[in-house]
Amino acid sequence: MSKEKQRREALIYHAKPQPGKIKIVPTKPYSTQRDLALAYSPGVAEPCLEIAKDKENVYKYTSKGNLVAIISNGTAVLGLGNIGPEASKPVMEGKGLLFKIFADIDGIDIEVDTEDVDKFIETVKMIAPTFGGINLEDIKAPEAFEIERRLKEELDIPVMHDDQHGTAIISAAALLNALELAHKKMEDVRIVISGAGAAAVSCTKLYKAFGARAENIVMLDSKGVIRKDAENLAESKKEFATDRKIDTLEEAMVNADVFVGLSIANIVSPEMLNSMADNPIVFAMANPDPEIDYNLAIDTRKDIIMATGRSDHPNQVNNVLGFPFIFRGALDVRATAINEAMKMAAVKALADLTKQPVPEQVNIAYGETRLAFGKEYIIPKPFDQRLIYEIPPAVAKAAMESGVAKAPIQDWDKYREELMLRSGNDNKVVRLLHGRARTNAKKIVFAEADHLDVLKAAQIVHEEGIATPILLGRKEIILELKKELEFDADLDIIDPMSEEFDERHIRYATKYWESRKRSGVTFYSAKIKMRERNYFGAMMVLEGDADGMISGYSRAYPTVVKPILEVIGRATGVKKVATVNIMITERGPLFLADTSINIEPNAEELADIAQMTANVATTFGFDPVLAMLSYANFGSSVHPNARKVKEAVHILHETCPNLVVDGEIQTDFALNKELHESKFPFSKLAGRKVNTLIFPNLDSANITYKLLKELNGADSIGPIMVGLRKAVHIMQLGASVDEIVNMAAVAVIDAQERVKRKKAKEAK
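In UniProt numbering, the protein residues as written are 1 to 764.
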């Protein structure tokens with residue numbers, strides 16, 4: 001993607017459909033006059049009076065306890081420098097977005113128009129009663145040190161400058177693990193720090209807290225090695241000055257055990273790496289380009305342990321591993337500060353988490369067979385769902401033990417459950433989907449590429465590395481639309497109507513006729529069908545000229561599914577093809593089936609659909625917990641509609657004893673864990689969170705998923721076809737660009753899984 005196109009897309013993203021990235025939504029009912037009277041006058045007076053009696057009641061009656069201010073004056077924004085408070089606002093809103101999606105914390109950005117330290121501090125102090133915590137952001141050094149120090153001293157709520165401490169916490173966890181792998185001790189290693197800004201200073205202090213010795217540390221700024229004999233040395237740098245008689249990075253690197261880069265790109269050479277000690281640890285964290293290229297570094301030293309700030313290499317030092325979860329723990333015990341004990345607890349928790357077995361969902365997200373503690377995995381991945389319930393408890397315990405917790409946690413098991421529930425609010429499934437697809441992109445046919453939205457989706461899929469699109473449709477229209485979109489990638493464009501592809505027409509028609517000649521298909525009619533895009537595209541997949549296909553944007557579902565079933569057909573042993581929709585809800589993903597094909601399945605077919613849907617959930621890294629839905633609960637009706645669901649459950653209990661499934665059951669009892677457990681404690685679902693719903697017929701499934709989508713704004717991935725011989729999927733008529741992109745990723749993952757299963761079968 002060109003820089004200009006990337007620029008335009010970024011501007012459109014921030015401007016449309018409404019400006020900005022965050023908004024405020026009500027958390028209480030407001031539909032009646034009574035609701036409004038309680039929300040505001042006169043009812044609101046009562047909590048006001050309670051807070052006036054005791055200020056601590058503000059946490060009981062308002063959102064203060066889950067509200068963080070993200071405050072900047074715009075003096076050190078990313079790599080853009082001092083661009084001012086207004087220009088910093090998109091970054092601060094972005095930080096608010098990360099707080100919400102990773103830790104369910106509400107963040108409000110505040111941009112302060114002053115570079116005067118005293119005025120800045122006074123402003124923050126005056127607004128502090130509104131918030132449960134203060135996240136300082138993008139403030140230049142050395143003012144940042146003074147601002148944070150004084151605010152921590154003068155406020156009784158958690159304050160943290162993430163630019164200083166975020167990188168320090170994450171890199172310290174990575175360093176502890178790297179040292180363990182290198183069989184070295186913190187107190188013995190020689191450390192070189194390239195950079196002397198806020199992050200570098202905080203990193204160095206934290207390493208010293210874990211045992212690094214001052215005499216073993218060399219820090220460099222833009223002028224070279226910071227030495228004790230330097231004239232006019234800034235106060236903030238004196239602590240890190242060395243008495244060694246060296247001046248350059250090249251000299252500092254000789255026999256060094258650890259290099260930590262928080263400076264600029266490409267300042268470390270292969271020669272410098274080779275001068276380091278055995279098993280060197282190199283954290284090159286300059287962004288977007290590190291101090292030394294990752295591939296160059298690992299090619300230079302086979303014994304290196306390497307980390308960067310980039311997501312496309314192992315061991316990304318990413319602040320999002322820290323600040324959301326540190327504030328979560330601090331807020332949950334109403335801490336008066338974020339102190340050294342809490343930061344060190346976060347470091348240890350992150351380091352320890354890396355050594356635990358990695359959930360399959362994380363392996364799937366990163367396309368790994370099995371992530372395990374080692375040189376390429378010294379720090380957890382940002383999409384690791386365990387972060388939310390491992391890091392905050394460690395921080396909260398440290399707050400309690402260090403005496404800064406005003407509301408200590410009593411029941412740790414209950415607290416962990418609450419944290420797990422918070423993790424369901426975000427679109428992790430979509431990120432996992434795209435990440436998994438990118439690990440081994442496949443060739444996917446876009447059967448309606450001469451439609452603008454479909455081509456837009458193909459462009460995104462190509463540029464994001466999700467798949468290699470094959471564009472089917474009228475060539476002149478596709479070329480015209482590509483020009484309009486500035487989509488200049490050299491991709492296959494195939495017009496099934498064109499004589500250019502007559503050889504393929506004949507080849508595909510022959511294969512199709514041979515398989516369908518006893519079903520009334522003539523060779524002539526087969527040739528006619530091969531000029532239709534869905535028949536042609538399906539034959540491409542069947543013949544191995546493509547790995548998968550998506551269609552359905554511009555045509556009704558039944559007209560698209562017919563050629564797919566005729567050409568591709570059912571997989572071996574499958575009685576009925578079905579579809580699954582993944583609904584992204586506030587409680588987490590829900591897998592719904594069958595949403596598009598089987599009008600009135602019988603008990604055996606329902607059982608098959610349930611098994612295939614469970615396989616979909618497993619493919620995406622979720623342990624399926626299935627509810628077989630009905631209007632009845634466990635035999636409360638003898639009507640045939642209820643009996644068939646009961647019979648399907650019986651079949652599943654007999655044939656799949658390890659599958660967590662039960663019913664027949666009503667939807668509210670299935671989704672309300674407490675209600676279910678109180679009324680039906682005998683059920684296999686009792687005490688479990690249901691994530692998969694099997695509907696008794698097409699009416700109920702299709703209506704439900706579309707209601708969820710339209711009324712609740714739940715994103716939908718699907719319908720995902722299950723039971724076919726190949727990776728072909730049919731989207732809904734008029735699907736959005738995002739939905740088409742997601743379906744392409746589904747097709748890629750489906751194709752990946754089929755290759756895996758084939759290899760596993762051949763290996764037996």
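Just so you know, even glycine gets a beta-carbon here, dropped at the ideal spot from N, CA and C.
Touch test, the segment 84-95 against the segment 106-117, Cβ-Cβ under 8 Å, three pairs minimum: Segments in contact, yes.
Since Tyr512 and Val567 should fall inside the 8 Å C-beta cutoff, what is the C-beta to C-beta distance between them, to a whole number of angstroms? Indeed they touch by this definition, with Cβ atoms about 6 Å apart.
Near Leu708, which residues of its chain fall below 6 Å by C-beta distance, leaving aside the five closest residues on each side in sequence? Residues Met583, Ala714 of the same chain have their beta carbon placed closer than 6 Å to that of Leu708, with the five preceding and five following residues left out of the count.
Quick check: residue 768 and Ala399, are their CB atoms within less than 7 Å of each other? Any answer about residue 768 is impossible in this case: the structure gives the chain only from 1 up to 764.
First through last residue of the alpha helix (DSSP H) which encompasses Thr619: 603-619 is the span of the alpha helix (DSSP H), which, as asked, contains Thr619.
Where does Phe131 sit, in a helix, a strand or coil, going by DSSP? Residue state, collapsed to three classes: coil.
CA-to-CA distance, Gly573 to Asp495, given in whole angstroms: The alpha-carbon atoms of Asp495 and Gly573 are separated by roughly 35 Å.
Buried versus exposed call for Val89 [16 or more other C-beta atoms within 10 Å across all chains shown]: Here the sequence assigns Lys to residue 89, which means Val is not the residue at that position. Lys89 comes out buried.
Looking only at its own chain, which residues have a Cβ that is under 6 Å from the Cβ of Phe695, when we skip the five neighbours before and after it? Same-chain partners within the cutoff: Leu629, Ala701.
When DSSP builds the beta bridges, which residues end up paired with Tyr524? None; Tyr524 has no bridge partner.
Helix, strand or coil: which one does DSSP assign to Asp453? Correct three-state label for Asp453: helix.
Fully enclosed by the segment 212-262, which beta strand (DSSP E) runs are 3 residues long or longer? DSSP assignment within the segment 212-262 yields the following whole beta strand (DSSP E) runs of 3 residues or more, N-terminal first: 217-221, 258-261.
Of the choices Lys406, Val260, Asn274, whose alpha-carbon is the least far from that of Asn57? That would be Lys406, whose Cα lies nearest to the Cα of Asn57.
Assess contact between the segment 746-754 and the segment 592-601, defined as three or more Cβ pairs (one per stretch) separated by less than 8 Å. Is contact present? No contact exists between the segment 746-754 and the segment 592-601.
Among His462, Thr510, Gly552, Glu674, which residue has its Cα nearest to the Cα of Ala489? Among His462, Thr510, Gly552, Glu674, the Cα nearest to that of Ala489 is on His462.
Report all residues from its chain with a CB closer than 8 Å to the CB of Asn425; omit the five preceding and five following residues, and keep chain order. The pLDDT assigned to Asn425 is 41, lower than 50, so where the model puts this residue is not dependable; a value taken from the coordinates is nonetheless given after this. Excluding five sequence positions before and after Asn425, the CB atoms of its chain that fall closer than 8 Å to its own CB belong to Lys100, Ile101, Asp104, Glu586, given in chain order.
Within 10 angstroms of its Cβ, does Thr655 collect 16 or more other Cβ (buried), or is it exposed? So Thr655 counts as exposed.
For Pro290, which residues from the same chain have a beta carbon less than 6 Å from its beta carbon, with the 5 sequence-adjacent residues on both sides left out? If the five residues before and after Pro290 are omitted, its C-beta is found closer than 6 Å to the C-beta atoms of Ala284, Thr308, all from its own chain and listed in chain order.
Those residues which DSSP pairs with Asn581 across a bridge: DSSP lists Leu592 as partners of Asn581.
Nearest candidate by alpha-carbon position, reference Ala457, set Ala349, Asp662, Tyr294, Val741: With distances taken between Cα atoms, Ala457 lies closest to Val741.
Complete alpha helix (DSSP H) runs within the segment 256-330 (minimum length 4 residues, chain order): DSSP runs (the alpha helix (DSSP H)) wholly in the segment 256-330: 270-274, 294-300.
How long is the line joining the alpha carbons of Ala447 and Ser202, rounded to whole angstroms? Going from the Cα of Ala447 to the Cα of Ser202 covers about 54 Å.
Between Gly261, Glu476, Ala198, Gln611, which has its C-alpha nearest Glu218's C-alpha? Correcting the residue type first, residue 218 is Val in the shown sequence and not Glu. Considering only alpha carbons, the answer is Gly261.
Straight-line Cα distance separating Gly132 from residue 846: With the chain running from 1 to 764 in the structure shown, residue 846 is simply not present.
Would you list the one or two residues that DSSP bridges to Arg442? In the sequence under discussion, the amino acid at residue 442 is Lys, which differs from the Arg named in the question. Looking at the DSSP assignment, Lys442 forms a beta bridge with Ala467.
With Asp109 as the anchor, note down where its beta strand (DSSP E) starts and where it stops. Counted as a single uninterrupted DSSP element, the beta strand (DSSP E) harbouring Asp109 occupies residues 106-111.
DSSP-derived helix/strand/coil call for Ala729: The question names Ala, yet the displayed sequence has His at residue 729. Note: His729 maps to strand in three-state DSSP.
Buried/exposed call for Glu235, threshold 16 Cβ in 10 Å: Exposed is the call here.
Which first and last residues belong to the beta strand (DSSP E) in which Thr692 is found? Counting along the chain, the beta strand (DSSP E) containing Thr692 begins and ends at 692-694.
Using the Cα positions of Lys575 and Arg518, report the straight-line distance between them to the nearest angstrom. Approximately 20 Å, taken between the alpha carbons.
Examine the Cβ distances between the segment 178-187 and the segment 231-249 and report whether three or more of them are shorter than 8 Å. Because the criterion of three Cβ pairs below 8 Å is not met, the segment 178-187 and the segment 231-249 do not touch.
Residue environment, Pro280, which counts as buried when at least 16 other CB atoms sit within 10 Å: By the 10 Å Cβ count, Pro280 comes out buried.
Between Ala556 and Gly734, what straight-line distance do the alpha-carbon atoms span, to the nearest angstrom? The straight-line gap from Cα to Cα measures roughly 9 Å.
Specify the secondary structure class of Ser515 as computed by DSSP and reduced to three states. Residue state for Ser515 is assigned as helix, using DSSP reduced to three classes.
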